[in-house]
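Undergrad: Take 44 as the starting number for the sequence shown in the numbering used here and just add one per residue. No residue lacks a Cβ here, since even glycine has one placed at the ideal position from N, Cα and C. Please read these numbers as outputs of a predicted model, since none were measured by experiment. Before I ask anything, here is the structure I am working with.
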Amino acid sequence: MQAKRVTFPRSLTPYLLLAPQLAITLVFFIWPAGQAVVSSLFAEDAFGLSRAFVGLANFAALLRDPTYLNAFQVTAVFSACVTCLAMVLALGLALAADRIGKKAGPYRVLLVWPYAVAPAVAGILWWFMFNPTIGILARALGAMGISWNHFLNGEQALTMVILAAAWKQVSYNFMFFLAGLQAIPASLMEAAALDGAGPVRRFRFVVWPLLAPTSFFLLVVNLTYAFFDTFGIIHATTGGGPGQATTILVYKVFRDGFGG
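Below, the structure is given as structure tokens:
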């Protein structure tokens, strides 16, 4: 049955309905972005009272700065690890919840709770668990012969903030993956099972292709989250240290702009 097409008696009605959203987008997104691009082409004094046009000199200086090049590298590693870890864990948990069926209600609630935790709080929780003196995870690693001290070891500090950021995002990914799995028709899975496809082949040839749109959406969301929304975790746990080991771009910009 063909869907009925909505028509408006007056040609201005659609534009009037779009006007509020367009105005918000223009004022809060497009205009600030344009101002940022224009400002990047000028050199200003500390008080913003005078400025001189320098073209692309600011970008050239940025690419020659070793601290910013390090921040680029840390951001790339951090974002890739957080995105992959959060999506893989969420998909595995969603598959388990979908397999349980209607009995997975409490399971779903417990998995969604971490998303309500503020980034700074999530960072502090993992900071306590990995604290070399009182942390339960640090002691467990010590019992296995692994000396843990993220205050001195840059790789361990980066690992800790990656785990904290990924844990915070797993809940969000889980909700979307579970919704995508529940939208797959049961008849497709039954037909694949009757054809002799095992669980792995059913996932590869039936489930994964149907989850591709959801996965792509979550990939974009998780990369954006890792780039911009993990400032609180970094600031509450490592402060970008030790050294520059956990200084991602957004934290580097903050420290240069407000930290001196």
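Measure the alpha-carbon distance for GLY223 versus PHE171 and round it to whole angstroms.
TA: Cα to Cα, the separation comes out at about 35 Å.
Undergrad: Please identify the residue among ALA123, ARG151, ILE143 whose C-alpha is closest to the C-alpha of LEU201.
TA: The shortest Cα separation from LEU201 among ALA123, ARG151, ILE143 belongs to ALA123.
Undergrad: In whole angstroms, give me the CA-to-CA distance for LEU105 and LEU112.
TA: Each residue's alpha carbon lies about 8 Å from the other.
Undergrad: For the alpha helix (DSSP H) containing PHE85, list its first residue and its last residue.
TA: Note, PHE85: premise wrong, no alpha helix (DSSP H); beta strand (DSSP E) at 85–87.
Undergrad: Would you list the residues sitting across from ARG94 in a DSSP beta bridge?
TA: Note: ARG94 sits in a beta bridge opposite GLU87.
Undergrad: Relative to the alpha-carbon of THR118, which residue among LYS211, GLY302, VAL80, THR267 has its alpha-carbon at the smallest distance?
TA: Considering only alpha carbons, the answer is THR267.
Undergrad: If distances are taken between C-alpha atoms only, which option among PHE102, THR110, SER82 comes closest to ALA95?
TA: Closest option to ALA95, Cα to Cα, is SER82.
Undergrad: Alpha helix (DSSP H) containing LEU153: first to last residue?
TA: Segment 148–155, the alpha helix (DSSP H) holding LEU153.
Undergrad: Decide if TYR58 is buried, meaning its Cβ has at least 16 other Cβ atoms within 10 Å, or exposed.
TA: Under this definition TYR58 is an exposed residue.
Undergrad: On the three-state DSSP scale, how would you describe ILE291?
TA: Residue state, collapsed to three classes: coil.
Undergrad: Work out the CA separation of LEU195 and GLY284 for me, nearest whole Å.
TA: GLY284 and LEU195: Cα-Cα distance of roughly 9 Å.
Undergrad: Between the Cα of ILE227 and the Cα atoms of VAL97, ALA255, LYS295, TYR158, which residue gives the shortest distance?
TA: Checking every option, the nearest Cα to that of ILE227 belongs to ALA255.
Undergrad: Who are the near neighbours of THR126 in its chain, counting only those whose CB is closer than 7 Å to its CB and skipping five residues on each side?
TA: Closer than 7 Å at Cβ, skipping near neighbours: LEU262, ASN265, LEU266, ALA269.
Undergrad: Thinking C-beta only, is ALA114 closer than 7 Å to THR290?
TA: Contact: yes.
Undergrad: Where do the N-terminal and C-terminal ends of the alpha helix (DSSP H) with ILE179 fall, by residue?
TA: Here the alpha helix (DSSP H) through ILE179 covers 179–186.
Undergrad: Helix, strand or coil: how does DSSP classify TRP170 here?
TA: If DSSP states are grouped into helix, strand and coil, TRP170 belongs with the helices.
Undergrad: Could you check if TRP156 is buried or exposed, using at least 16 other CB atoms within 10 Å of its CB as the buried criterion?
TA: So TRP156 ends up on the exposed side.
Undergrad: Excluding the five sequence neighbours on either side, which residues of its own chain have a C-beta within less than 7 Å of the C-beta of MET232, listed in chain order?
TA: Taken in chain order, the residues that qualify are ARG245, VAL249.
Undergrad: Starting from LEU99, trace the alpha helix (DSSP H) both ways and give me its first and last residue.
TA: Note, LEU99: premise wrong, no alpha helix (DSSP H); not H, not E.
Undergrad: On the three-state DSSP scale, how would you describe THR110?
TA: Helix, per DSSP.
Undergrad: If you measure between the beta carbons of SER137 and PHE220, is that distance less than 7 Å?
TA: According to the sequence displayed, residue 137 carries Ala and not Ser. In contact: ALA137 and PHE220 (Cβ atoms closer than 7 Å).
Undergrad: Kindly indicate which three-state DSSP category SER214 falls into: helix, strand or coil?
TA: Reduced to three states, the DSSP call for SER214 is helix.
Undergrad: Does DSSP classify PHE30 as helix, strand or coil?
TA: The requested residue 30 is not part of the displayed model; the chain covers only 44 to 303.
Undergrad: Are ALA183 and PRO175 closer than 7 Å when you measure CB to CB?
TA: No.
Undergrad: Expressed to the nearest angstrom, what Euclidean distance is found between the alpha-carbon atoms of LEU134 and LEU128?
TA: Rounded to whole angstroms, LEU134 to LEU128 spans 10 Å at the Cα level.
Undergrad: Can you check whether the CB of TYR294 is closer than 7 Å to the CB of PHE274?
TA: Yes. Within cutoff.
Undergrad: Along the chain, where does the alpha helix (DSSP H) containing PRO57 start, and where does it finish?
TA: Note, PRO57: alpha helix (DSSP H), 56–68.
Undergrad: Classify MET203 as buried or exposed, calling it buried when 16 or more other Cβ atoms lie within 10 Å of its own Cβ.
TA: The residue is buried, with at least 16 neighbouring Cβ atoms inside 10 Å.
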